[in-house]
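S.K.:
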Amino acid sequence: MFRYIIRRLLISIPLLIVASFLCFGLVNAMGDPLGEWKLQKPRTPAEIAAAYERTGYNKPFMERYVDWAGDFVTGDWGESVNPGNAGKPVKDDLVKAFGVTLRLILGAELIALLLGIAVGVIGAVRQYSIFDYTATGISFAMFSMPLFCVALVLKAGGIELNNWLESIGADRWIITAGPPGDGFGGSFGEQVFQYSGAYILPTISLVVIQFALYSRFQRASMLETLNADYVRTAQAKGISEARSIFRHAFRNALIPIITVSSLNIGAGFGGAVITETVFSWSGMGKFIVDAITDIEPYQVLGFMMLTAVFIIVFNLIADILYAFLDPRIRLD
Amino acid sequence: MTEIGSPVAQAPAPQKGEASTFDTTTARKQWQVILRRFTRHKAALVGLVLFVVLVLFAFFGSLFWEYSYTDLGFKRYLPPSADHPFGTDRLGGDMVALIIRGTQFSLQIAIVVAVLSTVIGVVLGAIAGYMRGWVDTLISRFIDLLLVIPSLIIAAVLVRNSFVVSVAGGSGGSNWLIVALYLGLIGWLSIARVIRGMVLSLREKEFVEAARALGASTFRIVFRHILPNTVDVIIVNATLAIAQAVLLEAALSFIGLGVQSPDTSLGLMISLNKNELTLHPWLFLTPFVFIVLISLAVNFIGDGLRDAFDPRQKRVKA
Chain A
1 MFRYIIRRLL
11 ISIPLLIVAS
21 FLCFGLVNAM
31 GDPLGEWKLQ
41 KPRTPAEIAA
51 AYERTGYNKP
61 FMERYVDWAG
71 DFVTGDWGES
81 VNPGNAGKPV
91 KDDLVKAFGV
101 TLRLILGAEL
111 IALLLGIAVG
121 VIGAVRQYSI
131 FDYTATGISF
141 AMFSMPLFCV
151 ALVLKAGGIE
161 LNNWLESIGA
171 DRWIITAGPP
181 GDGFGGSFGE
191 QVFQYSGAYI
201 LPTISLVVIQ
211 FALYSRFQRA
221 SMLETLNADY
231 VRTAQAKGIS
241 EARSIFRHAF
251 RNALIPIITV
261 SSLNIGAGFG
271 GAVITETVFS
281 WSGMGKFIVD
291 AITDIEPYQV
301 LGFMMLTAVF
311 IIVFNLIADI
321 LYAFLDPRIR
331 LD
Chain B
1 MTEIGSPVAQ
11 APAPQKGEAS
21 TFDTTTARKQ
31 WQVILRRFTR
41 HKAALVGLVL
51 FVVLVLFAFF
61 GSLFWEYSYT
71 DLGFKRYLPP
81 SADHPFGTDR
91 LGGDMVALII
101 RGTQFSLQIA
111 IVVAVLSTVI
121 GVVLGAIAGY
131 MRGWVDTLIS
141 RFIDLLLVIP
151 SLIIAAVLVR
161 NSFVVSVAGG
171 SGGSNWLIVA
181 LYLGLIGWLS
191 IARVIRGMVL
201 SLREKEFVEA
211 ARALGASTFR
221 IVFRHILPNT
231 VDVIIVNATL
241 AIAQAVLLEA
251 ALSFIGLGVQ
261 SPDTSLGLMI
271 SLNKNELTLH
281 PWLFLTPFVF
291 IVLISLAVNF
301 IGDGLRDAFD
311 PRQKRVKA
């Protein structure tokens, strides 16, 4: 097992090298990061030369990549090149954005996963019951909605709710701009009020989409195991229904959802672009969109390296859990 | 369809004539059985009818509707009325005409994406699964690579890169096609993985060995013997890819990397009207409802197809 993990991690090093090189090439293909700055107003040749010198963009592509890679392994992730926000260390911004995204997605993923598994299992065990039809209908509807519309409607609803609260003389509750930050504090009750107001809408909008996916998935895999011969055998031996459902069917039905959810969570560290944009959380999603808009090569590379590590690690976790839940699968 | 279903259906099918004396039920070909199961699935039928209506509306609606999307002379922000059932927008354009055009573009994109991602995914997945060895390693690592590189960067390159834009016919050119190609080029990963896994196990089956013993070429074995056995997964995936594409295109439009004017799409219409939600809700809600209708219809069809192909998921009541 230990050797397997080491081997998998070692294999991913060449992957990261190729990916970062390709990524750098892609950013290069987007255009000159100083292109817009040069057009904003007339610049003297000396000014332009100085800017290129500072950003390293006077060097050829390969040399720039090697410079970045050399710095990266020593822990220097480079600086932003755009004169508008020049010289900001990429690592600091990235760490900040990562913290914001982490706070946003962890709770939402957990709620969606637990809710999805529970609803999926009940829907499968009581197939074609009213519960099953309702749950299927709701998850179908959620699955068919563009996420940003859900988020926008929630945001508008939140503002309406605030206005209504104010009209009855209560405090405004919902916060539609950003994560909890400065100005949050006071008694415990006040803090609960503030934090819930900031978290509730982005969390709902993330849960909506993930829940639909997980519950559909869990229902399908649970149906498959419930109909499997070994479950019928277990029931024929006289095992109680609860035991046959939970010990025999449920355990095996977890395997597919483990894969889906760990891949999902791994990718989730890349930020929830839509949710973060609508609710102004400056997390990873916002970070990458801004980095692309400004053509910031080192920000994009830093983002890619950080998220790639999570994707690789969670892929590995998925495979390990796989082998844990299904002993027939051998990792080595 | 008959062709596709035949390798499986023919195996147990009795000889003509002699079997009829034993049969108590009519023999049906596999695709007929599937069709029967599909038509019994009420939600799927509703989805199919809805989808056909939407396609007709999108591609032929403009022939029957009195206004064109280029007519901008109406009063601005008219709420829905008999003359303008979906109201008018901030430029005084008739929303029905605009919705017809937006639906058309959204469907065009979705269908290109579904075809492209399915073809790429199936071919690469089948090659990886059948050839194994270094070919498999190469394709699998390539998939890993695409999973690791943030897909938004690829979108940005395609939308921004002057060369790509000029190939597509300048900034006013076929912008929708770039978006469709992009979504197709990143959308094949999951189907490729699934097909690879299926082919890995199918290639060890006896009928493949028989074909190989008879001297069939690799191409023939993969495309005539193995892939027809994965057709259920392929069709269901391609159907669901249509729904995914409509939603993804909308999300891309929202962050400014999607379809751009003069092309349009339902997603772009929603993003343009995102601030109208409280004051002129019909501008936001109409394209939203149409997106939901398309993806709901397609998801229902996909669900019905899955049940029709694979009845194991239906629990027989004990």
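As given, the protein sequences belong to chains A and B, one line each in that order. For the first sequence, the residue numbers in the UniProt record's numbering are 1 to 332. For the second sequence, the residue numbers in the UniProt record's numbering are 1 to 318. Even for Gly, the Cβ is constructed at its ideal location relative to N, Cα and C.
In angstroms, rounded to a whole number, what distance separates the CA positions of residue 216/A and residue 106/A?
M.R.: In a straight line, the C-alpha of residue 216/A is about 21 Å away from that of residue 106/A.
S.K.: Where do the N-terminal and C-terminal ends of the alpha helix (DSSP H) with residue 155/A fall, by residue?
M.R.: Here the alpha helix (DSSP H) through residue 155/A covers 147-167.
S.K.: Would a C-beta distance cut-off of 8 Å place residue 145/B and residue 306/A closer than the cut-off?
M.R.: No, they are not a contact pair.
S.K.: Scan the segment 142-153 of chain A for residues whose Cβ lies nearer than 8 Å to a Cβ of chain B and list them as they occur along the chain.
M.R.: Taking 8 Å as the Cβ-Cβ cut-off against chain B, the residues of the segment 142-153 of chain A that qualify are 143, 144, 145, 146, 147, 148, 149, 152 and 153.
S.K.: Check the Cβ-Cβ distances between residue 302/B and every residue of chain A, and say whether any is below 8 Å.
M.R.: Closer than 8 Å: no.
S.K.: Could you tell me which residues DSSP puts in a beta bridge with residue 94/B?
M.R.: Looking at the DSSP assignment, residue 94/B forms a beta bridge with 88/B.
S.K.: Counting C-beta neighbours from all protein chains within 10 Å, is the total for residue 40/A 16 or more, i.e. buried, or is it exposed?
M.R.: With fewer than 16 Cβ atoms within 10 Å of its Cβ, residue 40/A is classed as exposed.
S.K.: What in chain A is Cβ-close to residue 51/B, meaning under 9 Å?
M.R.: Here the premise fails: no neighbours, minimum Cβ distance about 12 Å.
S.K.: Alpha carbon to alpha carbon, how far is residue 196/A from residue 100/B? Give it in angstroms, no decimals.
M.R.: Residue 100/B and residue 196/A: Cα-Cα distance of roughly 42 Å.
S.K.: Determine the direct distance from the alpha carbon of residue 203/B to that of residue 344/A, and round the result to whole angstroms.
M.R.: Chain A is shown only over 1 to 332; residue 344/A falls outside these bounds and no answer can be derived.
S.K.: Using 8 Å as the threshold, is the segment 298-316 of chain A in touch with the segment 146-154 of chain B, meaning 3 or more CB pairs across them?
M.R.: Cβ pair count under 8 Å is three or more, so yes.
S.K.: Does any residue of chain B bring its CB to less than 8 Å from the CB of residue 22/A?
M.R.: So yes, residue 22/A belongs to the interface.
S.K.: With contact counted as at least three CB pairs below 8 Å, one residue from each stretch, are the segment 44-62 of chain B and the segment 263-270 of chain B in contact?
M.R.: Taking 8 Å as the limit for Cβ pairs, the verdict is that the segment 263-270 of chain B does not touch the segment 44-62 of chain B.
S.K.: Check the Cβ-Cβ distances between residue 289/A and every residue of chain B, and say whether any is below 8 Å.
M.R.: Judged by the 8 Å Cβ criterion, residue 289/A is in contact with chain B.
S.K.: Report yes if the C-beta distance between residue 360/A and residue 222/A is below 8 Å; otherwise report no.
M.R.: This structure does not reach residue 360/A, given that chain A is present from 1 up to 332, and the question cannot be answered.
S.K.: How about residue 298/B and residue 221/B: do their beta carbons lie closer than 8 Å?
M.R.: For residue 298/B and residue 221/B, no; Cβs fall outside 8 Å.
S.K.: Pull up the CB-CB distance for residue 202/A and residue 247/B, whole angstroms please, since I reckon it's below 8 Å.
M.R.: About 19 Å; that fails the 8 Å criterion.
S.K.: Residue range of the alpha helix (DSSP H) that residue 195/A falls in?
M.R.: 188-226 is the extent of the alpha helix (DSSP H) around residue 195/A.
S.K.: Quick one: which residues of the segment 272-284 of chain A get their C-beta closer than 9 Å to a C-beta of chain B? List them in chain order.
M.R.: Result list: 273, 274, 277 and 278.
S.K.: Hey, would you say residue 158/A sits closer than 8 Å to residue 174/A, going by beta carbons?
M.R.: Yes, the pair counts as a contact, with Cβ atoms nearer than the cut-off.
S.K.: Going along chain B, which residues have a C-beta under 7 Å from residue 30/A?
M.R.: Neighbours of residue 30/A on chain B, chain order: 156, 157, 160 and 161.
S.K.: Assuming residue 293/A contacts residue 286/A under a Cβ cut-off of 8 Å, what Cβ separation, rounded to an integer in Å, is found between them?
M.R.: Going by Cβ atoms, the distance from residue 293/A to residue 286/A rounds to 10 Å, so no, they are not a contact pair.
S.K.: Whose CA, out of 281/B, 292/B and 116/B, lies closest to the CA of residue 142/A?
M.R.: That would be 292/B, whose Cα lies nearest to the Cα of residue 142/A.
S.K.: Considering only residues of the same chain and omitting the five flanking positions on each side of residue 360/B, which have a CB-CB separation below 7 Å?
M.R.: Here chain B comprises residues numbered 1 to 318, so residue 360/B is not present and cannot be evaluated.
S.K.: What number of angstroms, rounded off, separates the C-alpha of residue 55/A from the C-alpha of residue 36/A?
M.R.: About 15 Å.
S.K.: Please decide whether residue 9/B counts as near chain A, where near means a Cβ-Cβ distance under 8 Å.
M.R.: In this prediction, residue 9/B has a pLDDT of 47, which is less than 50 and means its spatial position is unreliable; nothing more can be read from the coordinates.
S.K.: Report the three-state DSSP secondary structure of residue 80/B (helix, strand or coil).
M.R.: In the structure shown, residue 80/B sits in coil (DSSP, three-state: anything other than H, G, I, E or B).
S.K.: With DSSP collapsed to three states, give me the class of residue 66/B.
M.R.: In this structure, residue 66/B counts as coil in the three-state DSSP scheme.
S.K.: Identify the contact partners of residue 274/B in chain A, using a Cβ-Cβ distance below 7 Å as the criterion.
M.R.: Here the neighbours are 152.
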